[in-house]
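Trainee: Same order as they appear, the protein sequences are chains A and B. In terms of full-length UniProt numbering, the first sequence has 41 at position 41, counting the first letter as 1, and numbering is strictly consecutive. In terms of full-length UniProt numbering, the second sequence has 11 at position 11, counting the first letter as 1, and numbering is strictly consecutive. Every residue, glycine too, gets a C-beta built ideally from N, C-alpha and C.
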Amino acid sequence: MQEPRDEAELAEAIAGLTEPVEIRGGGSRLGLGRPVQAGATLSTAGLSGVKLYEPGALTLVAGAGTPLAEIEALLAAEKQRLAFEPMDHRPLLGAGGEPTIGGVTACNVSGPRRVQSGACRDALLGVRFVDGTGQVLRNGGRVMKNVTGYDLVKLLAGSWGTLGVLTELAFKLAPAPEAAATLTLRGLSDAEALGAMTAALGSPYDVSGAAHLPGAEPRTLIRVEGLGPSVAYRTGRLARLLGKFGPVETEDDPASVAAEWAGVRDVTAFADRPGAVWRVSLRPSDAPGFVAGLGEDAAPEAALYDWGGGLVWLLAPETDAAAAAIRAAAARLKGHATLVRAAAPYRAAAGAFQPEAPALAALSEGVRAKFDPRGLLNPGRMRG
Amino acid sequence: MDMPAANADILARRDAIVARLAEALPEDALISDPRQTRAYDCDALSIYSCPPLAVTLPRTTEEVATVLRICSDEGVPVIPRGSGTGLTGGALPTADAVVLGVARMNAVLETDYDNRLIRVQTGRTNLSVTGAVEADGWFYAPDPSSQLACAIAGNIAMNSGGAHCLKYGVTTNNLLGVTFVTMAGEIMEIGGPAMDAAGYDLLGLICGSEGQLGVVTEATLRILPKPEGARPILIAYDSAVTAGACVSDIIRAGVLPVAIEFMDKPIIHLTEAFVGAGYPMDAEALLIVEVEGSKAEIDDQLARIKAIAQRHNPTTLRESASEAQSKAIWAGRKAAFGATGQVADYLCMDGTIPTSALPETLGRMTELASDYGLRVANVFHAGDGNLHPLIMFDANDPEELRKAEALGAEILLLCVEQGGCLTGEHGVGVEKRDLMGRQYGQADLEAQMAMKDVFDPAWLLNPAKVFPLDMRNGRRV
Ligand SMILES: Cc1cc2nc3c(=O)[nH]c(=O)nc-3n(C[C@H](O)[C@H](O)[C@H](O)COP(=O)(O)OP(=O)(O)OC[C@H]3O[C@@H](n4cnc5c(N)ncnc54)[C@H](O)[C@@H]3O)c2cc1C
Chain A
1 MQEPRDEAEL AEAIAGLTEP VEIRGGGSRL GLGRPVQAGA TLSTAGLSGV
51 KLYEPGALTL VAGAGTPLAE IEALLAAEKQ RLAFEPMDHR PLLGAGGEPT
101 IGGVTACNVS GPRRVQSGAC RDALLGVRFV DGTGQVLRNG GRVMKNVTGY
151 DLVKLLAGSW GTLGVLTELA FKLAPAPEAA ATLTLRGLSD AEALGAMTAA
201 LGSPYDVSGA AHLPGAEPRT LIRVEGLGPS VAYRTGRLAR LLGKFGPVET
251 EDDPASVAAE WAGVRDVTAF ADRPGAVWRV SLRPSDAPGF VAGLGEDAAP
301 EAALYDWGGG LVWLLAPETD AAAAAIRAAA ARLKGHATLV RAAAPYRAAA
351 GAFQPEAPAL AALSEGVRAK FDPRGLLNPG RMRG
Chain B
1 MDMPAANADI LARRDAIVAR LAEALPEDAL ISDPRQTRAY DCDALSIYSC
51 PPLAVTLPRT TEEVATVLRI CSDEGVPVIP RGSGTGLTGG ALPTADAVVL
101 GVARMNAVLE TDYDNRLIRV QTGRTNLSVT GAVEADGWFY APDPSSQLAC
151 AIAGNIAMNS GGAHCLKYGV TTNNLLGVTF VTMAGEIMEI GGPAMDAAGY
201 DLLGLICGSE GQLGVVTEAT LRILPKPEGA RPILIAYDSA VTAGACVSDI
251 IRAGVLPVAI EFMDKPIIHL TEAFVGAGYP MDAEALLIVE VEGSKAEIDD
301 QLARIKAIAQ RHNPTTLRES ASEAQSKAIW AGRKAAFGAT GQVADYLCMD
351 GTIPTSALPE TLGRMTELAS DYGLRVANVF HAGDGNLHPL IMFDANDPEE
401 LRKAEALGAE ILLLCVEQGG CLTGEHGVGV EKRDLMGRQY GQADLEAQMA
451 MKDVFDPAWL LNPAKVFPLD MRNGRRV
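1. Since I believe R34/A is in contact with A343/A (beta carbons under 8 Å), could you give me their beta-carbon distance rounded to a whole number of angstroms?
2. Could you name the residues of chain A that V170/B contacts, counting a contact when the two beta carbons are closer than 7 Å?
3. Please state whether DSSP places Q80/A in a helix, a strand or coil.
4. Using a beta-carbon distance cut-off of less than 7 Å, what residues from the region 369–389 of chain B approach chain A?
5. Identify whether A181/A lies in helix, strand or coil by the three-state DSSP scheme.
6. Report yes if the CB atom of Q80/A is closer than 8 Å to the CB atom of S208/A, and no otherwise.
7. Around the Cβ of M281/B, are there at least 16 other Cβ atoms within 10 angstroms (buried) or fewer (exposed)?
8. Looking at R81/B and ligand 2, is the gap between the Cβ and the nearest heavy atom below 7 Å?
9. Does S189/A pass the burial test, meaning 16 or more other C-beta atoms within 10 Å, or should it be called exposed?
10. Name, please, each residue of chain A whose Cβ falls closer than 9 Å to the Cβ of A296/B.
11. Go through the region 155–207 of chain A residue by residue and report every complete run of the alpha helix (DSSP H) that reaches 4 residues or more, in order.
12. Just how far apart, CA to CA, sit D112/B and E189/B?
13. At least one CB of chain A closer than 8 Å to the CB of I156/B: is that the case?
14. May I ask whether a heavy atom of ligand 1 can be found less than 7 Å away from the beta carbon of L87/B?
15. Only counting the same chain, and skipping five residues up and downstream in sequence, which positions put a Cβ closer than 7 Å to that of C120/A?
16. On the CB-based measure, 16 or more other CB atoms within 10 Å of its CB, does G339/B come out buried or exposed?
17. Less than 8 Å between the beta carbons of I206/B and A65/B, yes or no?
18. Does ligand 1 have a heavy atom nearer than 7 Å to the CB of G162/B?
19. Looking at C-alpha atoms only, which residue of D434/B, K432/B, R472/B is the closest neighbour of M449/B?
20. Between the region 300–310 of chain B and the region 206–216 of chain B, do three or more beta carbon pairs fall short of 8 Å?
21. Within the present structure, is the beta-carbon of P389/B separated from the nearest heavy atom of ligand 1 by less than 7 Å?
22. Does M471/B have its Cβ less than 8 Å from a Cβ in chain A?
23. What separation, rounded to the nearest whole angstrom, lies between the Cα atoms of M365/B and G429/B?
24. For Q2/A, which residues does DSSP report across the bridge?
25. Could you name the residues of chain B that S281/A contacts, counting a contact when the two beta carbons are closer than 7 Å?
26. Within 10 Å of its beta-carbon, does D444/B have 16 or more other beta-carbons around it, so buried, or fewer, so exposed?
27. Which residues, taken in chain order from the region 347–359 of chain A, show a beta carbon closer than 8 Å to some beta carbon of chain B?
28. Please classify N313/B as buried or exposed, where buried requires at least 16 other C-beta atoms within 10 Å of its C-beta.
29. Would you call the region 95–109 of chain B in contact with the region 50–63 of chain B, where contact means no fewer than 3 C-beta pairs closer than 8 Å?
30. Nearer than 7 Å: is that true of the beta carbon of D43/B relative to any heavy atom of ligand 1?
31. With DSSP collapsed to three states, give me the class of W459/B.
32. Within 8 Å (strictly less), CB to CB, does A57/A reach chain B?
33. For F337/B, is the beta carbon positioned less than 7 Å from some heavy atom of ligand 1?
34. Give a yes or no on whether the C-beta atoms belonging to A259/B and L387/B are separated by under 8 Å.
35. Should the region 331–342 of chain A be called in touch with the region 250–262 of chain A, which here means at least 3 C-beta pairs below 8 Å?
36. When the distance is taken between beta carbons, is I288/B closer than 8 Å to P227/B?
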């Protein structure tokens, strides 16, 4: 494994590559995507460290290899945080390793707060990276608003290391809330839960999480965060609004609220259960019908709804028929299904990502060919 | 600013090209009489103008594809256009180009409150998107000051912002999907009703690409429930440095206002003479901070902001207590451009800086302005460091125009030097095209131009914009 000590060494290493490499941050998300066909590994661990943190400007710049935990601790000390609430994939994947900010960005990892504050790509202000030919490139910057030239920042977020190796990232931060609360409804069907989440998200009460955990004892969760008096007020209003769906329980102990939503974020409900885990992104109101309509072949053992229904997690049989059925149903609804956890051969065969329409796939191929003309960076991760 | 010379071969084939378009389009979708194309000779950067070869005004995505296919086949450049309110010459034609305006495509295609989205044709104006959902208690968040006139098409092409993007983000953060037509005339759907899409974030790449990658004909936009209320507070200081420190303290305190606007002394005086909003004339810097929520939530936030402001000894502190008072506080800010336009021609700059660099940047800008002997007034989005220096000059005096442009360039380079960028929301267009090499290196620009090579290999879409002509390595100019 090569572990360059800085960006210049990384650029040299990539320029000198003669065979494909797998790019490794902290190693906690290597199980995501299709298995990479590469004999060598390139680590970003040496590119670690916070370069700039200005709390008064809500701005952070850090090396790609910086552990996420280090960043989160630093921000917490100033009562700030990353708004997009990145999921920790380790429980679900049964993986070890230490998540890095580069890995979070490469996979555009976001959490329940997506509905309110956007995804990782929305908080990303600037990138430095080394492309597949060994050139050091930058795009965006450290300022909050920037339309100077094309936005390659968004393109690099969620490119799974196939366009370049990220070396440095600039983020817009958010204040950590003074208070938070979870409202819980029990026993709702998926369709009723969707109604409750839709009502909450359609209210002016600035909901920062809306999830539904079906099962023997279904729970529907709504989160509000912010200044103390404001959270108290909005919790009261939402309890009234949601009263028609059943009795509403309110929890405002900070540790309990945090633990509850970390569970939703990390899909811990599926962590120790066998089966393939899918992440399906679609129009929220289509979600219950999508899950119910999957048919015998793909009938999920369990489902979990986040983003007010816009994100569905499925625990499904690891069969070809199930993969085909899930993909087809998602495509019919203009959504897409990502295979997040499964045995490597199954991921290789089924593909991790929903195939794009041919015209789009051609554009994506063109983009990849420009950044990594030799096809040496994480080959196979996004498609075979 | 130089535009490349018109292609003589295309000019020679003008009649044949117009005839081909005429045959393929409904009669009223094509304008070729130079007297009638006048309205399309420039955008809001009206110091530059040029009559196009012809103007097409399609009504459907298929008609857009037809125009693009014909132009592609004929090798004719195409200039996409929304409402023409752009401030950087992004929609400026060349004599050998066909303008493709989407202004007639302004329908609402779908309103879906349950999924918090609206789908519109992109010729629809920004304000009328909110207009379509307002009565039901919803709004579309990005709110450029030009929102009455500018189209969603231009908003997407420029990734436009507005006063309230501190909380809600800019266009790219509120865009879910587009219908997009490539220069080859191929129609594709990118993104859609879901919150993300498979594969690379092509939607993110298209948003802000200034009409150079394809023509956007329909858009799926995120809409939000209207907050219960909003109210501003006006805070004035006797120094810009203090005002800057106050902004930083408000942000650090964890209160997240929807807007923090900053006005300097020259713009306070200009707007006061124009609308008489009752601003304090002794102030060196004025902040308008707006918060949202229920009455009690607003009271709580404003109390916190007031406490922070007071620690910096404001010369004026005026909390709005009514709708009328809120209007008065915003009146001067909203009239800033109009007020400046009353007394002089002006260039509106758009650099962004880290908010921590505010005091130094403002100081250096004042020095630069006096070196050039020109007046500069400042009004900007302080929460996100997006400056709008208004450089006043006399457009009838070519020497003053030259000086104003030179000062503008120096101000933008100052922003870059302070760790910021050339443009926060107006785009590069032709105005900042030749400064791009000062923000990015050749390789950085090559990476961007390579994207245009993928989408539009012949460089026919809006070709003479964004990238310096001499940094294109032989690509079409
Ligand atoms: C008084 C005033 C105030 C302003 N305030 C703000 C502000 O607060 N914030 C802000 O961000 N901007 C502001 N602007 C700038 C301007 O209004 C925005 O850039 C706006 O988005 C332009 O929209 P438009 O429809 O007028 O676009 P146009 O000027 O017609 O075009 C702008 C760009 O978009 C491209 N384009 C147009 N249509 C398409 C299409 N269908 N597909 C692909 N590309 C296309 C054009 O080629 C051009 O490059 C202001 C302008 C004025 C005059």
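Mentor: The short version:
1. Against the first sequence, residue 343/A aligns to sequence position 343. Against the first sequence, residue 34/A aligns to sequence position 34. In fact, because the Cβ distance is near 12 Å, the residues do not count as touching under 8 Å.
2. Mapped onto the second sequence, residue 170/B falls at position 170. Ordered by position in chain A, the residues that pass the 7 Å Cβ test against V170/B are K145.
3. For the purposes of this step, residue 80/A is taken as residue 80 along the first sequence, with counting starting at 1. It is a strand residue.
4. D384, G385, N386
5. The sequence position of residue 181/A within the first sequence is 181, counting from 1. Reduced to three states, the DSSP call for A181/A is strand.
6. For the purposes of this step, residue 80/A is taken as residue 80 along the first sequence, with counting starting at 1. For the purposes of this step, residue 208/A is taken as residue 208 along the first sequence, with counting starting at 1. No, the pair does not count as a contact, with Cβ atoms beyond the cut-off.
7. The residue labelled residue 281/B in the question sits at position 281 within the second sequence. With fewer than 16 Cβ atoms within 10 Å of its Cβ, M281/B is classed as exposed.
8. Absence of ligand 2 from the depicted structure is noted, with ligand 1 being the only ligands included.
9. Against the first sequence, residue 189/A aligns to sequence position 189. Exposed, because fewer than 16 other Cβ atoms sit within 10 Å of the Cβ of S189/A.
10. For this step, residue 296/B is matched to residue 296 along the second sequence. Result: P229, S230, Y233.
11. 190–201
12. By one-based count along the second sequence, residue 112/B stands at place 112. By one-based count along the second sequence, residue 189/B stands at place 189. Between D112/B and E189/B, the C-alpha separation is close to 18 Å.
13. Taking the second sequence and counting its residues from 1, the one referred to as residue 156/B is at position 156. I156/B does not count as touching chain A.
14. Here the question's residue 87/B lines up with position 87 in the second sequence. It does: the Cβ of L87/B is within 7 Å (strictly closer) of some heavy atom of ligand 1.
15. On the first sequence, position 120 is the one that residue 120/A refers to. Taken in chain order, the residues that qualify are F84, P86, V104, T105, N108, V109, S110, A157.
16. Counting from one through the second sequence, the residue named residue 339/B turns up at place 339. Strictly speaking, residue 339/B in this sequence is Ala, with Gly absent from that position. Burial call: buried.
17. Position 206 of the second sequence, counting from 1, holds the residue named residue 206/B. Position 65 of the second sequence, counting from 1, holds the residue named residue 65/B. No; because the gap between Cβ atoms is not below 8 Å, this pair is not in contact.
18. As a working mapping, residue 162/B is identified with position 162 in the second sequence. At least one heavy atom of ligand 1 is nearer than 7 Å to the Cβ of G162/B, so yes.
19. If you number the second sequence from 1, residue 449/B lands on position 449. That would be R472/B, whose Cα lies nearest to the Cα of M449/B.
20. no
21. Working through the second sequence from its first residue, we reach residue 389/B at position 389. P389/B: no, Cβ never under 7 Å from ligand 1.
22. Position 471 of the second sequence, counted from the start, is the residue given in the question as residue 471/B. Not one chain A Cβ lies under 8 Å of M471/B.
23. Residue 365/B sits at position 365 when you count from the first residue of the second sequence. Residue 429/B sits at position 429 when you count from the first residue of the second sequence. Near 23 Å, if we compare the C-alpha coordinates of G429/B and M365/B.
24. Here the question's residue 2/A lines up with position 2 in the first sequence. Answer is L42/A.
25. In the first sequence, counting from the first residue as 1, residue 281/A sits at position 281. Neighbours of S281/A on chain B, chain order: A194, M195, D196.
26. If you number the second sequence from 1, residue 444/B lands on position 444. Buried, because 16 or more other Cβ atoms sit within 10 Å of the Cβ of D444/B.
27. Within the region 347–359 of chain A, the residues whose Cβ lies closer than 8 Å to some Cβ of chain B are F353, Q354, P355, E356, A357, A359, listed in chain order.
28. Counted from its first residue, the second sequence places residue 313/B at position 313. Exposed is the call here.
29. yes
30. Within the second sequence, numbered from 1, the residue matching residue 43/B stands at position 43. Within the cutoff, so yes.
31. Sequence index remark: in the second sequence, residue 459/B carries index 459 (1-based). Residue state, collapsed to three classes: coil.
32. Within the first sequence, the letter at position 57 stands for residue 57/A. A57/A counts as touching chain B.
33. Mapped onto the second sequence, residue 337/B falls at position 337. For ligand 1, at least one heavy atom lies less than 7 Å from the Cβ of F337/B.
34. As a first step, residue 259/B must be located in the second sequence, where it is residue number 259. As a first step, residue 387/B must be located in the second sequence, where it is residue number 387. For A259/B and L387/B, no; Cβs fall outside 8 Å.
35. no
36. Position 227 of the second sequence holds residue 227/B. Position 288 of the second sequence holds residue 288/B. No; because the gap between Cβ atoms is not below 8 Å, this pair is not in contact.
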